[in-house]
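Protein chains in written order, with the working numbering: chain G, 1 to 130; chain E, 131 to 442. Beneath this line is the structure, given in structure tokens, with notes to follow.
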């Protein structure tokens, strides 16, 4: 798997920025376009993508079948259903994606350290500092 | 020579922010207290109004979403009441010592939400009204502390709207039965929210809130902002609403004569029963069916649980 680091900018750079300050998120090369697609799925409260918030833990792809592991900022997150639906809808729009399974995972302890550098910049723009 | 109040009005119209009580005139303070109290009471009363219906959530996740929204609303009320404290209003009095009819919130919340569907339509329609009102305050208010506090509020209200819209769409697309349930709720809640923005501009000869720039848009302008969001959304999911773009495509116009009579018990509008705004104001001031029960539920905590807090 590829490990990305640092910076914001064009698609390639943005992909690299998915890596958070302290937590490296590994991206399987065959899923790179799917990660980029999920940058369009925003958190319902703070308009930062689920990718940049560090909610996406893993994406696996076997032919047209995609599995996404997603975590949330708390176990009582009120937006679980909305976020899972949005992820599924967006990925089904990708070419050659036939099925999308979105699974909640709590094996990852979400913390602000999972937020990407782009996400931090976005949040700052909306008046939220970390 | 201009009075201190005239100087202050000019100052805020030119874009200055008021940051402390020391900078206010008594007139400014009185208007600010009024508008913030309406805002705080509206947020507070939405909590019990939504809670009764949230108990009918169709799943645990849905219940969690609804409770998070209620918690947000309580937090928003807290922000407003905290601002009122700075303006010399006692928070204990605000919460616990007022009579039910003294709370200043939209009449809509006095009409019971009896189902999960009605709660979701309320999130989409009522919260959109709150979003229009507070969005205007955030953009235009001359009171700095309120403006800054609304950053958090607007983020949370965005979620409430999305929650309402998503569920409305889901239920409406589930089949004929679901579509009818959503349409029935829209039928009585749409005109109630139209009323939410108050008297038409032509009947309001003067607005202290606009003079002191506590907000930027008039009642009719805010009604248009609200319809600009709600009408296209409702139409997009196949719901009929009694409003459309006018012939010039410059504004929305209602398809009924405003105001009309409302049967609060059966939750039905009597479309041909034209009344006056005086009668509407009388209905608002008389409050609706759930006013007393909601205030009793809020104030009960003081009597029942006060012993818990006596040493705090």
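All C-beta atoms, glycine included, are put in the ideal place defined by N, C-alpha and C. Keep in mind the model is a prediction, meaning the values are calculated, not measured.
- Task: Taking 8 Å as the cut-off, decide whether the C-beta atoms of residue 180 of chain E and residue 291 of chain E are in contact.
- Result: The residue labelled residue 180 of chain E in the question sits at position 50 within the second chain. The residue labelled residue 291 of chain E in the question sits at position 161 within the second chain. Not a contact, by the Cβ cut-off of 8 Å.
- Item | Supposed close pair residue 162 of chain E, residue 424 of chain E - CB separation, criterion 8 Å | By one-based count along the second chain, residue 162 of chain E stands at place 32. By one-based count along the second chain, residue 424 of chain E stands at place 294. Actually they are not in contact, since the Cβ atoms of residue 162 of chain E and residue 424 of chain E sit about 26 Å apart, beyond 8 Å.
- For residue 42 of chain G, which residues does DSSP report across the bridge? As a first step, residue 42 of chain G must be located in the first chain, where it is residue number 42. According to DSSP, residue 42 of chain G bridges with G:49.
- According to the neighbour-count rule (16 or more other Cβ atoms, all chains shown, within 10 Å of its Cβ), is residue 136 of chain E buried or exposed? Locating residue 136 of chain E in the second chain gives position 6, counting from the first residue. By the neighbour-count rule (16 or more Cβ atoms within 10 Å), residue 136 of chain E is not buried but exposed.
- Message: Quick check: the Cα distance between residue 151 of chain E and residue 159 of chain E, rounded to an integer number of angstroms?
- Response: On the second chain, residue 151 of chain E is found 21 positions in, with the first residue counted as 1. On the second chain, residue 159 of chain E is found 29 positions in, with the first residue counted as 1. Roughly 8 Å between the two C-alpha positions.
- From E:323, E:391 and E:388, residue whose alpha carbon lies closest to that of residue 258 of chain E: Residue 258 of chain E sits at position 128 when you count from the first residue of the second chain. The shortest Cα separation from residue 258 of chain E among E:323, E:391 and E:388 belongs to E:323.
- Query: List, in order along the chain, the chain G residues whose C-beta lies closer than 9 Å to that of residue 198 of chain E?
  - Reply: Taking the first residue of the second chain as position 1, residue 198 of chain E is located at position 68. In chain order: 76, 77, 78 and 79.
- Query: According to DSSP, which residues form a beta bridge with residue 399 of chain E?
  - Reply: For the purposes of this step, residue 399 of chain E is taken as the residue at position 269 of the second chain. BP columns for residue 399 of chain E point to E:392.
- Task: Determine contact between the region 364-383 of chain E and the region 178-192 of chain E, defined as no fewer than three beta-carbon pairs at a distance below 8 Å.
- Result: no
- Counting contacts by CB-CB distance shorter than 8 Å, is residue 50 of chain G in contact with chain E? Locating residue 50 of chain G in the first chain gives position 50, counting from the first residue. Cβ-Cβ to chain E under 8 Å: no for residue 50 of chain G.
- Task: Please report how far the alpha carbon of residue 28 of chain G lies from the alpha carbon of residue 431 of chain E, in whole angstroms.
- Result: As a first step, residue 28 of chain G is located in the first chain; it is residue number 28 there, counting from the start. As a first step, residue 431 of chain E is located in the second chain; it is residue number 301 there, counting from the start. Each residue's alpha carbon lies about 54 Å from the other.
- Determine the direct distance from the alpha carbon of residue 405 of chain E to that of residue 297 of chain E, and round the result to whole angstroms. Indexing the second chain from 1 puts residue 297 of chain E at position 167. Indexing the second chain from 1 puts residue 405 of chain E at position 275. Going by C-alpha positions, residue 297 of chain E is about 34 Å away from residue 405 of chain E.
- For chain G, find out if any of its Cβ atoms is closer than 8 Å to the Cβ of residue 149 of chain E; answer yes or no. Residue 149 of chain E sits at position 19 when you count from the first residue of the second chain. Not one chain G Cβ lies under 8 Å of residue 149 of chain E.
- Beta bridge counterpart(s) of residue 66 of chain G as assigned by DSSP: In the first chain, counting from the first residue as 1, residue 66 of chain G sits at position 66. Answer is G:61 and G:100.
- Item | Interface residues of chain G facing residue 323 of chain E [CB-CB closer than 7 Å] | Numbered from its first residue, the second chain carries residue 323 of chain E at position 193. Per Cβ cutoff of 7 Å: no residues; residue 323 of chain E is ~22 Å from chain G at best.
- Cα separation between residue 80 of chain G and residue 352 of chain E? The residue labelled residue 80 of chain G in the question sits at position 80 within the first chain. The residue labelled residue 352 of chain E in the question sits at position 222 within the second chain. Their Cα atoms are separated by approximately 32 Å.
- Message: My assumption, with CB atoms under 8 Å, is that residue 224 of chain E sits in contact with residue 217 of chain E. Please give the rounded CB distance.
- Response: By one-based count along the second chain, residue 224 of chain E stands at place 94. By one-based count along the second chain, residue 217 of chain E stands at place 87. Actually they are not in contact, since the Cβ atoms of residue 224 of chain E and residue 217 of chain E sit about 11 Å apart, beyond 8 Å.
- Item | residue 3 of chain G to residue 104 of chain G span [Cα, whole Å] | Numbered from 1 along the first chain, position 3 holds the residue referred to as residue 3 of chain G. Numbered from 1 along the first chain, position 104 holds the residue referred to as residue 104 of chain G. Summary for residue 3 of chain G: the model assigns pLDDT 40, below 50, so the residue's position carries little reliability; its value from the coordinates is reported in the next sentence. Roughly 23 Å separates the two Cα atoms.
- Query: Between the region 392-402 of chain E and the region 326-338 of chain E, are three or more C-beta pairs nearer than 8 Å?
  - Reply: no
- Message: Taking beta-carbon pairs under 8 Å, can you tell me which members of the region 79-108 of chain G lie near chain E?
- Response: 79, 80, 81, 82 and 85
- Query: How should residue 435 of chain E be labelled, buried or exposed, when 16 other C-beta atoms within 10 angstroms of its C-beta is the threshold for buried?
  - Reply: Sequence index remark: in the second chain, residue 435 of chain E carries index 305 (1-based). So residue 435 of chain E counts as exposed.
- Evaluate residue 54 of chain G with the Cβ neighbour count: other Cβ atoms within 10 Å of its Cβ, from every protein chain shown; 16 or more gives buried, anything less gives exposed. On the first chain, position 54 is the one that residue 54 of chain G refers to. Answer is buried; the Cβ neighbour count reaches 16.
- Message: Taking 8 Å as the cut-off, does the region 307-314 of chain E touch the region 55-71 of chain G (at least 3 CB pairs, one atom from each stretch)?
- Response: no
- Item | Test item: CB-CB of residue 237 of chain E and residue 418 of chain E under 8 Å | For the purposes of this step, residue 237 of chain E is taken as the residue at position 107 of the second chain. For the purposes of this step, residue 418 of chain E is taken as the residue at position 288 of the second chain. Remark: C-beta atoms of residue 237 of chain E and residue 418 of chain E approach each other more closely than 8 Å.
- Should residue 126 of chain G be labelled buried (16 or more other beta-carbon atoms within 10 Å of its own) or exposed? Against the first chain, residue 126 of chain G aligns to sequence position 126. So residue 126 of chain G ends up on the exposed side.
- Item | residue 127 of chain G: contacting residues in chain E (beta-carbon distance under 8 Å) | Taking the first chain and counting its residues from 1, one reaches residue 127 of chain G at position 127. Within chain E, the residues near residue 127 of chain G are 281.
- Contact set between residue 288 of chain E and chain G, taken where Cβ atoms lie within less than 7 Å: Counted from its first residue, the second chain places residue 288 of chain E at position 158. 44 and 45, listed in chain order.
- Message: Which residues of the region 291-315 of chain E have a Cβ closer than 8 Å to any Cβ of chain G? Give them in chain order.
- Response: 292, 293 and 296
- Given that a residue counts as buried once 16 or more other Cβ atoms are within 10 Å of its Cβ, and exposed if not, what is residue 362 of chain E? To locate residue 362 of chain E, count along the second chain from 1; it is residue 232. The Cβ neighbour count for residue 362 of chain E, taken over all protein chains shown within 10 Å, is under 16; the residue is labelled exposed.
- Message: Taking only three categories from DSSP, how would you classify residue 374 of chain E?
- Response: Locating residue 374 of chain E in the second chain gives position 244, counting from the first residue. The DSSP-derived three-state label of residue 374 of chain E is strand.
- Query: Under three-state DSSP, which class holds residue 345 of chain E?
  - Reply: Counting from 1 along the second chain, the entry for residue 345 of chain E is found at position 215. Note: residue 345 of chain E maps to coil in three-state DSSP.
- Given residue 87 of chain G as reference, the closest of G:120, G:25 and G:37 once Cα atoms are compared: One-based indexing of the first chain puts residue 87 of chain G at position 87. Nearest of G:120, G:25 and G:37 to residue 87 of chain G, Cα basis: G:37.
- Message: If I follow the unbroken alpha helix (DSSP H) through residue 291 of chain E, where does it start and stop?
- Response: Counting from 1 along the second chain, the entry for residue 291 of chain E is found at position 161. Where residue 291 of chain E is concerned, the enclosing alpha helix (DSSP H) starts and stops at 274-302.
- Query: Hey, is the region 96-112 of chain G in contact with the region 39-47 of chain G, meaning 3+ C-beta pairs nearer than 8 Å?
  - Reply: Output reads no: the region 39-47 of chain G does not touch the region 96-112 of chain G.
- Item | Rounded straight-line distance, which links the Cα of residue 149 of chain E to that of residue 274 of chain E | The residue labelled residue 274 of chain E in the question sits at position 144 within the second chain. The residue labelled residue 149 of chain E in the question sits at position 19 within the second chain. Roughly 5 Å between the two C-alpha positions.
- Item | Sheet register partners of residue 382 of chain E (DSSP bridge) | Along the second chain, one-based indexing puts residue 382 of chain E at 252. E:375, per the DSSP bridge assignment.
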